[in-house]
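Peer 1:
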Amino acid sequence: MLEHFCECYSNLSGLILCPVLGSITPLFIPNSRIRPIRLIGLCASLITFLYSPVPRIQFDSSTAKSQFVESLRWLPYENINFYLGIDGISLFFVILTTFLIPICISVGWSGMRSYGKEYITAFLIREFLMIAVFRMLDLLLFYVFPESVPIPMFIIIGVWGSRQRKIKAAYQFFLYTLLGSLFMLLAILLILFQTGTTDLQISLTTEFSERRQIFLWIASFASFAVKVPMVPVHIWLPEAHVEAPTAGSVILAGIPLKFGTHGFLRFSIPMFPEATLCSTPFIYTLSAIAIIYTSLTTSRQIDLKKIIAYSSVAHMNLVTIGMFSPNIQGIGGSILPMLSHGLVPSALFLCVGVLYDRHKTRLVRYYGGLVSTMPNLSTIFFSFTLANMSSPGTSSFIGEFPILVGAFQRNSLVATLAALGMILGAAYSLWLYNRVVSGNLKPDFLHKFSDSNGREVSIFIPFLVGVVRMGVHPKVFPDCMHTSVSNLVQHGKFH
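FYI, the UniProt record's numbering numbers position 366 of the sequence shown as 366, with every residue one higher than the one before it.
Pasting the structure below:
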């Protein structure tokens with residue numbers, strides 16, 4: 001009976017259609033009936049989350065080929081089809097996506113009094129687009145779906161943002177990602193003219209000349225570097241986080257930043273191996289500069305959200321060092337921090353959201369001594385601070401340590417700079433926790449003292465479980481990814 005269930009429901013199109021149906025249904029309900037709108041959105045997201053691990057049951061980790069492949073003829077005359085599939089690299093990113101959306105809806109539960117159904121629709125449409133990104137096996141649609149994700153995020157920041165500059169931040173976020181991706185579109189068109197198709201699996205077996213590889217690699221780099229983001233095209237991220245609502249920051253930190261690194265793994269590295277080897281010193285240089293620069297910049301910030309945002313840039317650039325290290329330790333290790341990054345910064349943004357809901361400020365200088373008035377939140381905040389420091393036993397450590405091992409085999413100086421960035425990360429994480437939680441209360445600025453309630457604590461618990469589970473017993477992740485990562489290393493001629 002279980003096998004019949006899996007055969008019927010492990011198809012990937014059902015996983016995509018569920019949030020689409022959930023986003024359409026509230027549109028037929030009046031805004032005055034906010035309770036059923038909330039429940040429909042939450043139920044649709046929970047069903048999608050419970051549905052997402054089903055492919056894992058039948059997943060064959062012994063093969064690197066895409067599994068559960070589905071196709072739909074879209075533009076047959078141009079040989080462009082709607083291809084869906086999954087491999088060991090993308091499997092857990094889909095589960096992470098479906099995990100975060102119910103959290104975002106729960107976080108905005110009390111703030112849905114205005115534009116409630118639009119809020120639900122924006123997040124569920126965003127979920128559909130993000131799932132499609134990780135499932136897509138067609139190059140043109142691999143461009144279309146990531147470039148569609150900023151549209152609902154633009155609305156989320158512009159409508160439910162928290163400050164006067166939210167419109168500027170929304171436009172900055174949208175334009176940065178759009179302009180960078182135009183070069184990617186040119187690269188896809190060039191591949192289409194050479195191969196006659198946009199099928200990713202066929203393109204991976206196509207031999208490109210070295211000169212064409214370099215051109216295509218640069219074009220794709222212009223798109224993916226903005227999404228990571230890498231220095232100097234990272235300015236949009238802190239601004240977007242500061243102006244976005246708490247739920248917007250959670251999903252922005254959790255998933256879209258992975259589009260760039262996932263694009264490198266899916267597109268640039270396996271398709272253009274010679275150009276990748278030539279560009280590795282350039283990537284190492286940019287990433288090392290970004291880690292040190294953003295770590296030092298973080299310690300100078302006065303806004304809690306900006307501190308976490310710059311910290312995210314440092315962690316994601318450590319991931320790029322691992323991806324471009326030509327060995328299994330570096331590439332395989334880079335995937336685990338991406339998954340961890342979907343949990344730790346998202347949870348830290350939730351902590352900041354709890355503080356902002358009570359005190360209506362995110363400036364560090366107004367906080368202090370919260371351990372005496374908010375012990376539950378202080379304990380939770382400390383747990384995720386340890387994870388942000390990559391402490392042993394947490395999800396961050398289990399991924400970043402292999403990255404250092406892989407990078408050291410390639411370039412010991414880059415590995416040393418990356419390790420220095422981790423030390424700086426521990427320094428600013430402890431500094432932030434000490435400023436907010438320890439010391440004396442500041443009653444002149446903070447007046448309403450109430451600890452995290454039951455709903456807020458219940459939202460944090462899944463994050464705590466995920467961080468500890470990945471840190472203590474991570475075996476399930478490399479077991480599923482190993483064959484795909486090994487194939488990527490061999491396909492990229494990195495051996």
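Glycine included, each C-beta is placed from N, C-alpha and C at the ideal position.
1) Please list the terminal residues of the continuous beta strand (DSSP E) segment that includes Q58.
2) What whole-angstrom Cβ distance do I105 and S45 have, given they're in contact under 8 Å?
3) Give me the residue from L404, G330, S429 with the minimum Cα distance to S295.
4) By the three-class DSSP mapping on this structure, what secondary structure does D303 have?
5) Leaving out five residues on either side along the sequence, give the residues of the same chain with a beta carbon under 7 Å from the beta carbon of N411.
6) If distances are taken between C-alpha atoms only, which option among S395, N453, N434 comes closest to F463?
7) Measure how close the beta-carbons of G421 and I292 come, nearest whole angstrom, since I'm counting them as under 8 Å.
8) Taking 8 Å as the cut-off, decide whether the C-beta atoms of M441 and S372 are in contact.
9) How far does the beta strand (DSSP E) with L67 in it extend, from its first residue to its last?
10) Across the stretch 249 to 262 and the stretch 203 to 219, are there enough close Cβ pairs to call them in contact, namely three or more that are closer than 8 Å?
11) Could you check whether M316 and T261 sit closer than 8 Å to each other, using their CB atoms as the reference points?
12) At what residues does the beta strand (DSSP E) containing F82 begin and finish?
13) For R266, count neighbouring C-beta atoms within 10 Å of its own C-beta (all shown protein chains included) and say buried if the count is 16 or more, exposed if not.
14) To test your reading of the DSSP string, which unbroken beta strand (DSSP E) runs of 3 or more residues are found completely within the stretch 222 to 299?
15) In three-state DSSP terms, what is M136?
16) For A64, which residues in the same chain have their Cβ closer than 6 Å to its Cβ, ignoring the five residues on either side in sequence?
17) What are the uninterrupted segments assigned as beta strand (DSSP E) that are 3 or more residues long and contained completely in the stretch 373 to 401, given in chain order?
18) Thinking just about the alpha-carbon of each residue, which of T298, L350, S23 is nearest to the one in R38?
19) I believe M389 touches A426 by the beta-carbon criterion, under 8 Å. Please report the beta-carbon distance rounded to the nearest angstrom.
20) Measure the Cβ-Cβ separation of P402 and Q329 and say whether it is below 8 Å.
21) Nearest-angstrom Cα distance between F477 and F92?
22) Tell whether a beta-carbon distance below 8 Å holds between M323 and S312.
23) Quick one, are the C-beta atoms of F134 and C480 less than 8 Å apart?
24) For C18, which residues in the same chain have their Cβ closer than 8 Å to its Cβ, ignoring the five residues on either side in sequence?
25) Exposed or buried, D199, counting other C-beta atoms within 10 Å across all chains shown (16 or more means buried)?
26) When you compare the stretch 355 to 362 with the stretch 116 to 136, are there three or more beta-carbon pairs, one atom per stretch, that lie closer than 8 Å?
27) Between the beta-carbon of V149 and the beta-carbon of L129, is there less than 8 Å?
28) Count the other CB atoms within 10 Å of the CB of K306; is the residue buried (16 or more) or exposed (fewer)?
29) I'd like to check one pair, F449 with Y366: are the Cβ atoms closer than 8 Å?
30) For chain C, check one thing: does any of its Cβ atoms lie closer than 8 Å to the Cβ of S71?
31) So, E147 versus L178, is the Cβ gap smaller than 8 Å?
32) Excluding the 5 residues preceding and the 5 following T121 in the sequence, name in chain order all residues of the same chain whose CB lies nearer than 7 Å to its CB.
33) Under 8 Å by Cβ, that's how I've got V437 and L350 pegged, so tell me the actual separation to the nearest angstrom.
34) For S162, tell me which candidate among A244, I308, G342, R211 has the shortest Cα-Cα distance.
35) Nearest to M153 by alpha carbon, out of L141, L139, Q172?
36) Per DSSP, L363 forms a beta bridge with which residues?
Peer 2: Let me lay it out:
1) Working through the sequence shown from its first residue, we reach residue 58 at position 58. No beta strand (DSSP E) contains Q58, which is instead part of the alpha helix (DSSP H) from 54 to 58.
2) Numbered from 1 along the sequence shown, position 105 holds the residue referred to as residue 105. Numbered from 1 along the sequence shown, position 45 holds the residue referred to as residue 45. Between S45 and I105 the Cβ distance is about 6 Å, and since that is below 8 Å, they are a contact.
3) Counted from its first residue, the sequence shown places residue 295 at position 295. It is S429 whose Cα lies nearest to the Cα of S295.
4) Locating residue 303 in the sequence shown gives position 303, where the first residue counts as 1. DSSP places D303 in strand when its eight states are reduced to three.
5) The residue given as residue 411 occupies position 411 in the sequence shown. Cβ neighbours of N411 beyond the five flanking positions: Y284.
6) Looking up residue 463 in the sequence shown gives position 463. It is S395 whose Cα lies nearest to the Cα of F463.
7) For the purposes of this step, residue 421 is taken as residue 421 along the sequence shown, with counting starting at 1. For the purposes of this step, residue 292 is taken as residue 292 along the sequence shown, with counting starting at 1. About 6 Å; that satisfies the 8 Å criterion.
8) Your numbering for residue 441 matches position 441 in the sequence shown. Your numbering for residue 372 matches position 372 in the sequence shown. According to the sequence shown, residue 441 is Leu rather than Met. Yes.
9) Walking along the sequence shown from the start, residue 67 turns up at place 67. It should be noted that the sequence gives Gln, not Leu, for residue 67. Note, Q67: beta strand (DSSP E), 67 to 75.
10) no
11) One-based indexing of the sequence shown puts residue 261 at position 261. One-based indexing of the sequence shown puts residue 316 at position 316. Cβ atoms of T261 and M316: closer than 8 Å.
12) Sequence index remark: in the sequence shown, residue 82 carries index 82 (1-based). Where F82 is concerned, the enclosing beta strand (DSSP E) stretches over 80 to 86.
13) Here residue 266 corresponds to residue number 266 of the sequence shown, with the count starting at 1. Classification of R266: buried, given that the 10 Å Cβ count is 16 or more.
14) Assignment of beta strand (DSSP E) within the stretch 222 to 299, counting only whole runs of 3 or more residues, yields no such run.
15) Here residue 136 refers to the residue found at position 136 of the sequence shown. Of the three classes helix, strand and coil, the one that applies to M136 here is strand, per DSSP.
16) Position 64 of the sequence shown holds residue 64. Contacts found: T483, S484, N487.
17) Those beta strand (DSSP E) runs which fall completely within the stretch 373 to 401 and span 3+ residues do not exist here.
18) Counted from its first residue, the sequence shown places residue 38 at position 38. For R38, the nearest C-alpha among the options comes from S23.
19) Indexing the sequence shown from 1 puts residue 389 at position 389. Indexing the sequence shown from 1 puts residue 426 at position 426. That belief holds up - the Cβ atoms of M389 and A426 are roughly 4 Å apart, short of 8 Å.
20) For the purposes of this step, residue 402 is taken as residue 402 along the sequence shown, with counting starting at 1. For the purposes of this step, residue 329 is taken as residue 329 along the sequence shown, with counting starting at 1. Yes, Cβ-Cβ distance for P402 and Q329 is below 8 Å.
21) Numbered from 1 along the sequence shown, position 477 holds the residue referred to as residue 477. Numbered from 1 along the sequence shown, position 92 holds the residue referred to as residue 92. Each residue's Cα considered, the two are about 8 Å apart.
22) If you number the sequence shown from 1, residue 323 lands on position 323. If you number the sequence shown from 1, residue 312 lands on position 312. Against a cut-off of 8 Å, the Cβ pair of S312 and M323 comes out as no contact.
23) Along the sequence shown, one-based indexing puts residue 134 at 134. Along the sequence shown, one-based indexing puts residue 480 at 480. Contact: no.
24) Numbered from 1 along the sequence shown, position 18 holds the residue referred to as residue 18. Taken in chain order, the residues that qualify are A44, I47, T48, Y51.
25) Here residue 199 is taken as the residue at index 199 of the sequence shown, counted from 1. By the neighbour-count rule (16 or more Cβ atoms within 10 Å), D199 is buried.
26) no
27) Within the sequence shown, numbered from 1, the residue matching residue 149 stands at position 149. Within the sequence shown, numbered from 1, the residue matching residue 129 stands at position 129. Cβ distance < 8 Å, so V149 and L129 count as in contact.
28) Working through the sequence shown from its first residue, we reach residue 306 at position 306. Answer is buried; the Cβ neighbour count reaches 16.
29) Here residue 366 refers to the residue found at position 366 when the sequence shown is read from its first residue. Here residue 449 refers to the residue found at position 449 when the sequence shown is read from its first residue. If you check the CB distance, Y366 and F449 do not come in under 8 Å.
30) Of the chains in the structure shown, none is chain C; there is only one protein chain.
31) By one-based count along the sequence shown, residue 147 stands at place 147. By one-based count along the sequence shown, residue 178 stands at place 178. Contact annotation: E147 and L178 have beta-carbon atoms nearer than 8 Å.
32) To locate residue 121, count along the sequence shown from 1; it is residue 121. S23, P26, L27, listed in sequence order.
33) Position 437 of the sequence shown, counting from 1, holds the residue named residue 437. Position 350 of the sequence shown, counting from 1, holds the residue named residue 350. With a beta-carbon spacing of about 16 Å, V437 and L350 fall beyond the 8 Å limit used to define contacts.
34) As a working note, residue 162 is residue 162 in the sequence shown. Here the closest residue by C-alpha is A244.
35) Taking the first residue of the sequence shown as position 1, residue 153 is located at position 153. The shortest Cα separation from M153 among L141, L139, Q172 belongs to Q172.
36) Mapped onto the sequence shown, residue 363 falls at position 363. Looking at the DSSP assignment, L363 forms a beta bridge with D303.
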